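Trainee: Numbering (this note's numbering), first residue to last: 1179 to 1332.
Where a beta carbon is used, it is the ideal one built from N, C-alpha and C, also for glycine.
As the structure is a computational prediction, the values presented were derived from the model and not from experiment.
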Amino acid sequence: MALTRLTMTDEQRKSVALEYLKAYDHGGVTSTGGSILDLFADDAQVYFPKWGLANGKEEIGRMFGDLGGRGKAITHDYAGFNWIMTGGDMFACEGTSHGEHVDGPWRAGVPEWAAGRWCDVFEVRDWLIQRCFIYLDPDYAGKDTARYPWLNTK
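1) With SER1275 as the anchor, note down where its beta strand (DSSP E) starts and where it stops.
2) List the DSSP bridge partners of HIS1254.
3) Going by Cα to Cα distance, which pick from PRO1316, THR1331 and LEU1329 is closest to TYR1225?
4) Based on Cα-Cα distance, which residue from LEU1217, GLY1239, ASN1233 and ALA1286 lies nearest to PHE1259?
5) Whole angstroms are fine: how far does the CA of PRO1327 sit from the CA of ARG1309?
6) What are the complete alpha helix (DSSP H) segments, minimum 4 residues, inside the region 1184-1262?
7) Report the rounded CA-to-CA distance for GLU1278 versus ILE1214, giving the unit in angstroms.
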C-alpha cells in the first residue's frame, strides 16, 4: 500500500472539522448518514478533559459513547466560530455551545463562568481527522462550585 498525502486547503480542512462538529450535534451521524468515526484516521487521537486520551477509532468510539451517555443534547453555535488557521495540517476552532446534560441545561455565558465555551485543536490530513484535542469545562451543569470559592460570590 502506498503512502498518500493529499494536499488540502485551509477551507477543506475546516470543512472536515465542521462535519465532525455537526455530526456530534446529531448524535454521531454525519450529513451523509455515516458514523462520526468515519471522519477519523484509524490511528487518530482525541483528548477530552476528565476522560483522557483516546487512541484509535475503537477507543474514540468508547469515549464518545461515555460522553454521549451523559449528554442529552448539544448544539454548537456555528455562526460565532473563530478559526485559527495555520496554513498547515494543524489548526484550532474556538466557539460556544448550549444543550442539556443529565445534570441540567447549559448555555455559554449563562452564567458567564459556566460551561459552553470551548476550543478544539485539530490535525486534518488526507480528508481525515488525525488528532482532535478538546479543551473545555466538562462541568456542563455548573455543579462543581464548592471547590471554587469565588463562584459563591457571583
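Mentor: Walking through what the data contain:
1) 1268-1279
2) SER1275
3) PRO1316
4) ALA1286
5) 35 angstroms
6) 1188-1203 and 1234-1246
7) 20 angstroms
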